[in-house]
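Okay, so here's the structure we're looking at.
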Amino acid sequence: MSISNFEYKKMVIKCLSPVHITDEVGTVYSYQYLYDARTQRVYFLNERLWSKFLFEHNLLAEFETLISTKMRAGTLCEWLLGKGFDIGSLDGAVTEYAEVGVAPEVLAANKMRLTEIVRTVHSVDGQVYIPGSSIKGALRTGLLFSLLLQEDKLRMQAWNEITRILSDKRLRDKNFALSRLAQKLEILVLHRLKIPKNNEPDGELLPQSSLKCSVMKGLSVSDAYGDGSIIPVIVQKREAVLMVKTGQIRIKNLNLFRECLPQGAHQHFSITLDKAVFSAIGIQSVAELIKRQQDFTQFILARHKKLFGGVLKREFAAAEGGNIFLGSGSGFLSKTLLAVLAPDEKAYTAAAALVLHNNFYKHAHLQLDKFAAPRGLQTAKTRKGSTLMGLCAVTEE
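Heads up, the final residue of the sequence shown is numbered 678 in this note's numbering, and it's a clean run with no missing numbers.
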């Protein structure tokens, strides 16, 4: 549907891999959920109602003792069952639940425990969804990428500034300086609108740093929801790492679990594009906006595939058709800024190693990242195998 300068499109997101967007709840620990190994489900607890249940059944002191022992005797669910209660006995103390998609051998090695779980975002009625702000943020990243590729002179100037920042031994907070540079670049490429102060046509203009001057004000993205039947899944964080001494890729299973939208889930949302506003950067349709995002995603995938494709063949084969990364690990500065600005691969690797060294100086990045940086790729391990994280396909309904 097109009305005047506005284009409205109903869209659908297909999750080609698990999608995790951290909820404000953050991490929950083994005493804050019930993991039922029989049904392979995790039940999350309302803290107030759970405390009320424990108090009413005179179990509060014993529960506190259980926490102090760090659950060494077993899971919270096992303890509850041992007291003669089941999940149904808890009334409203259970808020949501998730399927456990963790590989059986991992569970067995971990004594059938999940330890810490990072929650994904939920609506007020308990549905897993993707915030419109996350989608819009990903689209913004793709636009920054595509617009910077068109600006050879700006890229060269920005790279010289990055080189200066990273080589300045007196500059302590290099991350802040790099963030300021990224902000400056965003203003230069996305803040194209000339907006008068106080709505006076011939009056003084707002400074270009004002958010009102950004073309992103011409893009509205709704939250993305499923049909209400989607059950989130718990997956294990996994990492593929290049071992410098051998040149081989090593797969590391990490003792960290994430609640995610499952692979294959469909979420529906809408996009409204102000064509008059977006014409400032040469975009006239939602389709063209998605095409820019696809180009960016393929750029990222190609970089990952070059390093990890030999070991993660199935994972990259399953990534065919992906045109957007959503959720954890899709930041612009960390994965894209250096890559799009660097004059060549060698310069990019050296700069990325320096950035990582400044952030994690104990990890010996300057010695280990001589041939590739970063050397790791986040994936997820499930019962069905290994998969990339956060890759989706956005299409028009």
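We put the CB at the ideal spot given by N, CA and C, even for glycine.
- Taking C-beta separations shorter than 7 Å and ignoring five residues to either side along the sequence, the partners of A620 in its chain run R584, Y629, following chain order.
- A straight line joining the alpha-carbon of S311 with that of T396 spans about 5 Å.
- A distance below 6 Å between beta-carbons, with the five flanking residues on each side excluded, links S501 to the following residues of its chain, in chain order: T553.
- Within the same chain, and ignoring the five residues on either side of G608 in sequence, the residues whose Cβ sits closer than 6 Å to its Cβ are V300, H301, I302, G671.
- With contacts defined as CB atoms closer than 8 Å, T401 and L326 fail to qualify as a contacting pair.
- Per DSSP, A379 is one residue of the beta strand (DSSP E) stretching across 375-381.
- Put simply, the backbone Cα of P482 is about 15 Å away from that of K493.
- Contact annotation: V558 and G484 have beta-carbon atoms that are not nearer than 8 Å.
- Straight through space, the alpha carbons of K587 and G373 are spaced by roughly 50 Å.
- Scanning the stretch 504-576 for uninterrupted alpha helix (DSSP H) segments of 4 residues or longer gives 556-559, listed from N- to C-terminal end.
- Contact between the stretch 402-419 and the stretch 504-512 is established, with three or more Cβ pairs separated by less than 8 Å.
- DSSP places A674 in the uninterrupted beta strand (DSSP E) bounded by 672-677.
- One Cα belongs to L424, the other to V496, and the distance between them is close to 10 Å.
- For P543, the CB contacts under 8 Å within the same chain, skipping 5 residues up- and downstream, are C296, P299, E380, G382, I511, I512, P513, V514 in chain order.
- For the pair T617 and R322, the Cα-to-Cα distance works out to about 37 Å.
- Taking a C-beta distance under 8 Å as the contact criterion, I398 and A632 do not qualify as a contact pair.
- Separation of I294 and E432 (C-alpha to C-alpha, rounded to the nearest whole angstrom) is 31 Å.
- Take C358, set aside five residues on each side of it, and the residues of its chain with a beta-carbon closer than 7 Å to its own are L315, Y316, D317, in chain order.
- In the structure shown, M352 adopts coil according to DSSP, grouped into three states.
- In its chain, beyond the 5 residues on either side, C296 have a beta carbon closer than 7 Å to the beta carbon of G545.
- Under DSSP, H403 shares a beta bridge with V409.
- When C-alpha distances from F589 are compared across A634, D625, L658, the shortest belongs to L658.
- Under the Cβ criterion (8 Å, minimum of three pairs), the stretch 532-540 counts as touching the stretch 517-524.
- For F344, the CB contacts under 7 Å within the same chain, skipping 5 residues up- and downstream, are L335 in chain order.
- A direct Cα-Cα distance of roughly 29 Å separates G363 from T663.
- For the pair H472 and I562, the Cα-to-Cα distance works out to about 10 Å.
- In this structure, H547 sits away from K291, with a CB-CB distance that is not shorter than 8 Å.
- With a cutoff of 8 Å on beta-carbon distance, K475 and L466 are scored as not near each other.
- Counting of Cβ neighbours within 10 angstroms places R573 among the buried residues, the total reaching 16 or more.
- DSSP places T578 in the helix class (H, G or I) of the three-state scheme.
- Look at K417 here: in three-state DSSP terms it is helix.
- Residue H403 holds the alpha-carbon nearest to the alpha-carbon of Y506 among Y378, K351, H403, E337.
- Closest by C-alpha distance to L469, out of K434, P624, L452, N441, is K434.
- Taking C-alpha positions only, A458 is separated from L622 by approximately 16 Å.
- A check of alpha carbon separations from S285 across S566, F577, Y378, V306 identifies S566 as the nearest.
- For E596, there is no enclosing beta strand (DSSP E); the enclosing alpha helix (DSSP H) has its first and last residue at 594-598.
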